[in-house]
Each structure stands twice: as structure tokens, then as C-alpha cells.
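In the numbering used here, the protein residues as written are 97 to 418.
Accompanying notes for the structure given below.
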Amino acid sequence: MQHDILAIGDTTTDIFIRLKEAEVKNGLLCVKYGDKIPYESSETVRAVGNSANAAVAAARLRLSSALFSYVGNDRNGKECIEELHKNNVNTEYIRVENGKSTNYHYVLWYDVDRTILVKHETFSYDLGEINSPKWIYLSSLGGSSLPFHDQIADFLDKNRETKLAFQPGTFQIKAGSERLSRIYKHTDIFFCNVEEAQEILNEASRDLPTLLRKISALGPKTVVITDGYEGAYAYDTYTGEMYFMPIYPHTPFERTGAGDAFASTIVACLAMGKSLSEGLLWAPINAMSVTQFVGAQKGLLTQEKIVEFLKKAPVDYKPKKI
Numbered sequence: 097m098q099h100d101i102l103a104i105g106d107t108t109t110d111i112f113i114r115l116k117e118a119e120v121k122n123g124l125l126c127v128k129y130g131d132k133i134p135y136e137s138s139e140t141v142r143a144v145g146n147s148a149n150a151a152v153a154a155a156r157l158r159l160s161s162a163l164f165s166y167v168g169n170d171r172n173g174k175e176c177i178e179e180l181h182k183n184n185v186n187t188e189y190i191r192v193e194n195g196k197s198t199n200y201h202y203v204l205w206y207d208v209d210r211t212i213l214v215k216h217e218t219f220s221y222d223l224g225e226i227n228s229p230k231w232i233y234l235s236s237l238g239g240s241s242l243p244f245h246d247q248i249a250d251f252l253d254k255n256r257e258t259k260l261a262f263q264p265g266t267f268q269i270k271a272g273s274e275r276l277s278r279i280y281k282h283t284d285i286f287f288c289n290v291e292e293a294q295e296i297l298n299e300a301s302r303d304l305p306t307l308l309r310k311i312s313a314l315g316p317k318t319v320v321i322t323d324g325y326e327g328a329y330a331y332d333t334y335t336g337e338m339y340f341m342p343i344y345p346h347t348p349f350e351r352t353g354a355g356d357a358f359a360s361t362i363v364a365c366l367a368m369g370k371s372l373s374e375g376l377l378w379a380p381i382n383a384m385s386v387t388q389f390v391g392a393q394k395g396l397l398t399q400e401k402i403v404e405f406l407k408k409a410p411v412d413y414k415p416k417k418i
């Protein structure tokens, strides 16, 4: 079958550890070195990661979604696959690799934010034969995946009807826009936050119109840059229009996955035939809902729930041209 969205990226199990005695100094999470640190609680969340979160978001919005990812032939991998099934995500492209361990991350949760201890397994990334989806949603992959990106670019060269959403992860940003130039040039819509845009461009300025234009010059046809509580900005190169979108008013409980929810909701809207402006209305609502729960997926909403929140939105909750 042709999926509406095929998300490609690493998946993992997150272990949330809620810290009790810590503080933040100059952007650093600080605890007493060499001491026994009490924590409030821990929670295990399976089958997460940028692309897995996008696949679940799309499925929750009644789209046909699948995840292309690698797991090890271990209990953790089996439980991740089971969790994806529970969330109506197709797993035909999940590759189970013998002799490898499924990714396992530790999330140090303090106040409303988190620091994640990550370790990407070195998988034998190979695209192989896949059916052409309407959209590919490409995000975080491990450090051994550069040739895999070339395979994805080759696939897009041959399947021009497939659109690409690109939300680069840490390694993809470090690899540089020049090495991934074919991916950038194939990208229909691109997502990152302000700090990531500055790193990609080696740009000190936080001027959003400047960052939007410079990212678009790398190839993406539409660029979306988020700025935390300050909202998000979008640039549509087809129309030349730029938009600012405020957040949906809320008080966060735990912020993991808010950016994934925002980006994947816009892509889901585009896959449904909605406009970028409509996607910008829906996305902050899904992001807001995710921050009310632990983990990146529990708060993902259905179409009906998003519409309910839209009806209750403040009068100034709408995209504004800039």
C-alpha cells in the first residue's frame, strides 16, 4: 500500500528520571558530584524518537503511517515494535538486526525540561526496496548513516512524486548542509529551532527572517523555525510570504516531544491537503498537549480534539504575516 507518511529515523526507549535535587547554572544541569542524588520518579516510554513520534502523530490524525527504523533482536526491540502496533503505525519497514542493541536513552527531567543521555547503536542502514509514500519524514539517525542518506536522495531522484519533510537531528546537523546537500535540495518542508538554524548556517544572528531565507537558500521550499515559548516562524518560497505563529496558551508539565509534535502535525496537515496556514494553526495545539504528559506521544491528539481546542483559542491565535 502507499502510505501517507513514511517516517525514517532511529527509534529508542526513553527512561525518564525526575530529579529532585538539582539546579541550572548558565545552561548547565548541576547535581552534587560524587553524592547520592534522590529522584522523585522514573517512567519507561518505548518506541520514541523524532521519526517514531512523527509516525504516531500521523496515525493519531487518521493518516496511514509507517516507520522505517532499526532495532536489535532483543526484548527492548520487540517491545518497541509492540508499542508501534498499539499506536496503529505500520512496522513493515522495521529492520531487526542480530547482534545489535535497540537504542536506550536516559532522560534527566528537572522542572519542565530535560537533558537526554543518548547512545546510537551502529546499525547497517540500507533502504532496500520500499513503496513510494506520499511523504517521507526524515529525522534523527546515528553517526554511521551518511551513505544511507545518499540512498534516500537516490530514491527521491527516481520518485519525484514523493515529498520530503526534513527535521535534522544532532548528527545530521553536525554532518553539515554541504554533505547533505542533496537532501536539503529535495526538501519540501524543513524544521529546526533557532539554535539549530544558527549552527547549520554558522550564523550568530537570531534574526528570524534572515535565518529563514538562508536556510531556504540551501534548497528547502518551505522553512519552519521554532523559538520555544516565543512561537514559530515559517517561510513559503512559493509565495514569498513569511508567518509568525504564537504558541497555544498553556503551562507545560514536561516538554519532551513538543517540537516533534509541532513539525509532524504540519506535515500531516499538508498530507491531508490542508494549507501551511492551517498546519500552523493545528501544530501548536498538538505541541501544547504533548507537554501536559510525560514523554513525546501520550498527549498526541486526534483531529477532533484539535478542532475542539481551536474553537476555544484566543482571538489572536492565528498566523500573522511578517
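Beta carbons are placed, not taken as given, at the ideal position from N, Cα and C, and that holds for glycine.
Source: prediction; values computed, not measured.
{"Check": "In terms of alpha-carbon separation, which member of GLY353, GLU291, ALA118 lies closest to LYS132?", "Outcome": "ALA118"}
{"Check": "In the DSSP assignment, what residue or residues form a beta bridge with SER138?", "Outcome": "ILE113"}
{"Check": "Restricting to runs no shorter than 3 residues, where is the beta strand (DSSP E) found entirely within the stretch 217-287?", "Outcome": "231-234, 259-262"}
{"Check": "So, are the CB atoms of VAL386 and GLY353 less than 8 Å apart?", "Outcome": "yes"}
{"Check": "ASN430 by DSSP, collapsed to three states: which one?", "Outcome": "The structure shown does not extend to residue 430, since the chain is modelled only from 97 through 418, so no value can be given for it."}
{"Check": "Spatial neighbours of ARG158 within its chain, please: CB distance less than 8 Å, with the 5 preceding and 5 following residues excluded, ordered by chain position.", "Outcome": "THR398, GLN399"}
{"Check": "Suppose contacts are defined by Cβ-Cβ distances below 8 Å. Is GLY238 in contact with GLU217 by that definition?", "Outcome": "yes"}
{"Check": "Near LEU314, what residues of its chain come up, given a Cβ to Cβ distance below 7 Å and the 5 sequence neighbours on each side ignored?", "Outcome": "SER273, TYR280"}
{"Check": "State the start and end residues of the unbroken beta strand (DSSP E) segment that holds MET341.", "Outcome": "337-341"}
{"Check": "In angstroms with no decimal places, state the Cα-to-Cα distance between ASP222 and ASN194.", "Outcome": "15 Å"}
{"Check": "Could you check whether ASP110 and VAL144 sit closer than 8 Å to each other, using their CB atoms as the reference points?", "Outcome": "yes"}
{"Check": "So for VAL411, helix, strand or coil by DSSP?", "Outcome": "coil"}
{"Check": "List the endpoints of the continuous beta strand (DSSP E) containing ARG210.", "Outcome": "209-213"}
{"Check": "Do GLY391 and VAL141 have their C-beta atoms closer together than 8 Å?", "Outcome": "yes"}
{"Check": "Looking at C-beta atoms only, is the number of pairs between the stretch 401-408 and the stretch 260-275 that lie closer than 8 Å three or more?", "Outcome": "no"}
{"Check": "The alpha helix (DSSP H) spanning LEU159 covers which residue range?", "Outcome": "Neither: LEU159 is in no alpha helix (DSSP H) and is coded neither H nor E."}
{"Check": "Give the secondary structure of GLU299 by DSSP, where H, G and I count as helix, E and B as strand, and everything else as coil.", "Outcome": "coil"}
{"Check": "Going along the chain, which residues of its own chain have a beta-carbon closer than 7 Å to the beta-carbon of GLN98, five neighbours each way excluded?", "Outcome": "ASN227, SER228, PRO229, LYS230"}
{"Check": "With a threshold of 7 Å on Cβ separation, who are the neighbours of THR108 within its own chain once the five nearest residues in sequence on each side are excluded?", "Outcome": "VAL144, GLY145, ASN199, TYR200, HIS201"}
{"Check": "Less than 8 Å between the C-beta atoms of GLU350 and VAL167, yes or no?", "Outcome": "no"}
{"Check": "With distances taken between CB atoms, is the gap from GLY355 to THR322 smaller than 8 Å?", "Outcome": "yes"}
{"Check": "Whole-angstrom Cβ separation of PHE340 and ILE418, contact assumed at under 8 Å?", "Outcome": "5 Å"}
{"Check": "So, under 8 Å CB-CB, GLY173 and SER147 are touching, yes? Tell me the CB distance rounded to an integer number of Å.", "Outcome": "Rounded, the Cβ-Cβ distance is 16 Å, inconsistent with contact."}
{"Check": "Counting C-beta neighbours from all protein chains within 10 Å, is the total for LEU304 16 or more, i.e. buried, or is it exposed?", "Outcome": "buried"}
{"Check": "Going by alpha carbons, who is nearest to ALA346 out of GLY324, LEU213, GLU295?", "Outcome": "Note that residue 346 is His in the sequence shown, not Ala. Here the closest residue by C-alpha is GLY324."}
{"Check": "Apart from the five residues just before and just after GLU292, which ones in its own chain have a Cβ nearer than 8 Å to its Cβ?", "Outcome": "PRO264, ILE269"}
{"Check": "What's the gap between the Cα of ALA379 and the Cα of ARG171?", "Outcome": "34 Å"}
{"Check": "State the DSSP-derived secondary structure class of THR398, mapped to helix, strand or coil.", "Outcome": "coil"}
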